[in-house]
Amino acid sequence: MTEMITRKEWKRYGIAAIICGILFTLLEIVPMIVSVQDHPYGGKVVDKEIVLERAVSFAEESTGYDVRDEKAVHQSDKLFSGYLSKEKLSQKFEKEYGVNFPTDTFQVNLRFADRKGTGFVYLNMYTGSVVAWNFNLREGDTVAEQEQRELLQQYLQNKPLPGSSPSDLTLNNKGEWSLTANGDPSIVGEADLHVSFKVQSVDGEPIITKYKPTFEVPASYKSYVSGQDKLAGWLTGIGYALMSVILGILAIVYAILYRKFTSFKYGWVLTVIFTIAYVIMNVGVIDGLIASQGEAPFDDSILLVTMVITVLVSIPMAASVYLSIVAGDGLWKAQGRQLWPRLGQPGYGDYVWKSMGLSYLFAIILLGIQPLLFRLLEVLIGTWGTSDVTMSPYNFSVLWLMPVLAWAAAISEEAVFRFFGIGLFRKWFRNTFAAAILPTLFWSLGHVLYPFYPSTTRLFELMVVGLLFSFIFVRYGFITAMFTHAIFNSIAVGSSLIMVGGAANITSAIFFVLLPVLIAYVLRFWDRRKKRTNPSIMSTVRPLEPQ
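Just so it is clear: in the sequence shown, position 519 is 521 by this note's numbering, and no numbers are missing.
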């Protein structure tokens, strides 16, 4: 026997979705459009091919050496970007200093031919102009101090730094010159501009091999962020990673203990899909990992090592997802609930189809609630965000595949923390709400390393969102929760693709957002082809009781 979702509930969720959709548009979409319109270059980024061409040309002209290998990644000054965000100076800075001292650049890693050294050239993402560089030349000779000073002073006369004088150049014991410029406090706050230089002789000609301007944030801000990062690391390591391992072990135990209530045939399709998505996701972010290493030497072996590690890690990850599905199914059935009906059961086709429809309503509701939570946290704890090159769309190797992130997360997190996690703690606590709290806490702690401060920001936000996901799961089943999660994530990721632009990216964003429709249609069509019992109903099956 099954309960149904009534027309009244459809109406209630529909109205809520309309309201939250308006909120999402006003709080997220409109500001994003305005930001692009107000951007000096309309937010249009220079193509990477042009970036590579200009970087190579600059390096070869500057050094006289041929470039053998080059690779462009998106780089960002995470510390300074966060400081500007906290002080609400980002837009002012972009307009006044963004051309010559951008916080976000394309970093081009270079290797010179004949092992003559390596280099890094930084270009403005919107103009394609070179804004910084650092060449590590093995055959470069030293230059007399006075000659270096004269060369740098001449350079600074042609390209003056506001708030500084070329006569203030100082030389440290590492052979590098530095210059500090005092910026306008109304634009950069208490941050100071520090520029480092290095001069070497190549074929008897002195050249500036290093020019790197960076903004030094106040020591108090740097110390605070460092402490928050350490806290986030501990919370993630203990609250998420360790508890995920423990849940994985418990999934093995309960899959065996409750095997008579379930079948080990369940879950393998989702596990395969997750594994493929997980591998694509991790291989795709290699450029982000390279960018996160700053000016560390890059090597082709990084790709091989990353792929090997990804494959090795994907095995226990896939096993955890699979066993969580099996154990979760057994636990819920043993408690008199079937939260994941199977193909062939009466009404399965309609259940999946209408669960899909319900999922879009829930996803829109969550999209409207999330920015409200962030606005509330901004007021209560002063939340601010910063950049993260590891998750930048410009650092994803095949950008149109980036939405697989959404599906990898939706499958694994709903399987481990909702399907198995809530089922396990409900068995222990005998109370559904209490059972949802700990898995939601573990899941939330897995997101505190995201670039938001204080580090507890996402913990507070996702405790609310996670409990709403738990409500959706317990009341309407695993498929509804998974679809909701996937749609929610796909819209977030898809918006990045649309902002980047390009036919393939925009098509992919739309496809993955609409993918649940295709899946539900195919499953309903397949169910009807098998001529299974499929009662015509006007409401969605709610899997509250065993069928």
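Glycine included, every Cβ here is placed at the ideal spot set by N, Cα and C. Please read these numbers as outputs of a predicted model, since none were measured by experiment.
If you run the structure through DSSP and keep just helix, strand and coil, what is residue i?
i      : result
Arg432 : coil
Ser83  : helix
Thr542 : Confidence at Thr542 is low in this model, with a pLDDT of 45, below 50, so its placement is unreliable and the value that follows should be read with caution. Residue state, collapsed to three classes: coil.
Val123 : strand
Phe103 : coil
Ser399 : coil
Arg344 : coil
Pro537 : Low confidence applies here, because Pro537 scores a pLDDT of 49, under 50, leaving its location unreliable; read the following figure in that light. It is coil, neither helix nor strand.
Gly338 : coil
Asp390 : coil
Val247 : helix
Val315 : helix
Tyr128 : coil
Val145 : coil
Val255 : helix
Gln549 : In this prediction, Gln549 scores a pLDDT of 34, lower than 50, which makes its location untrustworthy; the coordinate-derived value is nonetheless stated afterwards. Note: Gln549 maps to coil in three-state DSSP.
Check whether the Cβ atoms of residue i and residue j lie closer than 8 Å to each other.
i      : j      : result
Trp342 : Gly479 : yes
Ala488 : Ala412 : yes
Tyr99  : Ile189 : yes
Pro395 : Leu403 : no
Gln109 : Phe122 : yes
Thr392 : Gly290 : yes
Ser83  : Thr459 : no
Gly370 : Phe103 : no
Ser492 : Ala408 : yes
Tyr280 : Ile327 : no
Gln202 : Asp116 : no
Asn136 : Lys214 : yes
Starting from residue i, follow the alpha helix (DSSP H) in both directions and report where the run begins and ends.
i      : result
Leu163 : Looking at the DSSP string, Leu163 is not in any alpha helix (DSSP H), and its letter there is neither H nor E.
Glu297 : Premise fails: Glu297 is in no alpha helix (DSSP H) and is neither H nor E.
His41  : His41 -> no alpha helix (DSSP H), and no H or E assigned at all.
Thr273 : 270-286
Phe263 : Taken as a continuous stretch (DSSP letters only), Phe263 belongs to no alpha helix (DSSP H), as it is neither H nor E.
Asn491 : 480-502
Asn175 : Taken as a continuous stretch (DSSP letters only), Asn175 belongs to no alpha helix (DSSP H), as it is neither H nor E.
Val354 : 350-383
Ala19  : 9-26
Ala410 : 406-415
Ser92  : 92-98
Tyr523 : 505-531
Val450 : First-last for Val450: undefined, no H or E at that position.
Asp170 : That residue, Asp170, is in no alpha helix (DSSP H); it is neither H nor E in DSSP.
Ala231 : The question names Ala, but residue 231 in the sequence shown is Asp. Asp231 -> alpha helix (DSSP H) spans 221-236.
Ile31  : No alpha helix (DSSP H) contains Ile31, which DSSP labels as neither H nor E.
Pro187 : 187-190
Assign residue i to one of two classes, buried (16 or more other C-beta atoms within 10 Å of its C-beta) or exposed (fewer than that).
i      : result
Asp352 : buried
Phe249 : Before going further, note that residue 249 is Leu rather than Phe in the sequence given. Leu249 is buried by the Cβ-count criterion.
Ala234 : buried
Leu382 : exposed
Pro33  : exposed
Glu463 : buried
Asp529 : buried
Lys262 : exposed
Val315 : exposed
Locate the beta strand (DSSP E) running through residue i, then write down its first and last residues.
i      : result
Lys200 : 194-204
Pro215 : 207-218
Lys73  : 69-78
Thr182 : 179-184
Val48  : Where Val48 is concerned, there is no enclosing beta strand (DSSP E), given that its DSSP letter is neither H nor E.
Leu139 : 132-139
Who are the near neighbours of residue i in its chain, counting only those whose CB is closer than 7 Å to its CB and skipping five residues on each side?
i      : result
Ala309 : Reading off the sequence shown, one finds Met at residue 309, where the question assumed Ala. Answer for Met309: Val285, listed in chain order.
Gly16  : Leu363
Ser92  : Leu86
Ile474 : Phe364, Thr482, Ala483, Thr486
Val53  : Ala74, Phe108, Val110, Leu125, Gly130
Gly425 : Gly330, Leu333, Trp334
Sorted by chain position, which residues of the same chain lie with C-beta nearer than 6 Å to residue i's C-beta, five sequence neighbours on each side aside?
i      : result
Leu81  : Val219
Met358 : Phe485, Pro518, Ala522
Ser550 : No statement about residue 550 is possible, as the shown extent of the chain runs from 3 to 549 and does not include it.
Leu272 : Ile413
Ala253 : Leu325, Ser326, Ala329, Phe422
Arg534 : Annotation note: pLDDT 47 at Arg534 (below 50); position unreliable, coordinate value reported separately. Contacts found: Gly346.
With a threshold of 8 Å between beta-carbons, can residue i be considered close to chain C, or not?
i     : result
Val47 : Among the chains in the structure shown there is no chain C, since it carries only a single protein chain.
Excluding the 5 residues preceding and the 5 following residue i in the sequence, name in chain order all residues of the same chain whose CB lies nearer than 8 Å to its CB.
i      : result
Met465 : Thr442, Leu443, Ser446
Met540 : Bear in mind that a pLDDT of 39 at Met540, under 50, signals an unreliable position, so the number given afterwards is only what the model happens to contain. Closer than 8 Å at the Cβ level, and outside the excluded window around Met540, lie Arg9.
Gln155 : Pro168, Ser169, Leu171
Leu161 : Leu is not the amino acid found at residue 161; the sequence shown has Lys there. So no residue of the chain qualifies.
Pro456 : Gln230, Ile383, Gly384, Thr385
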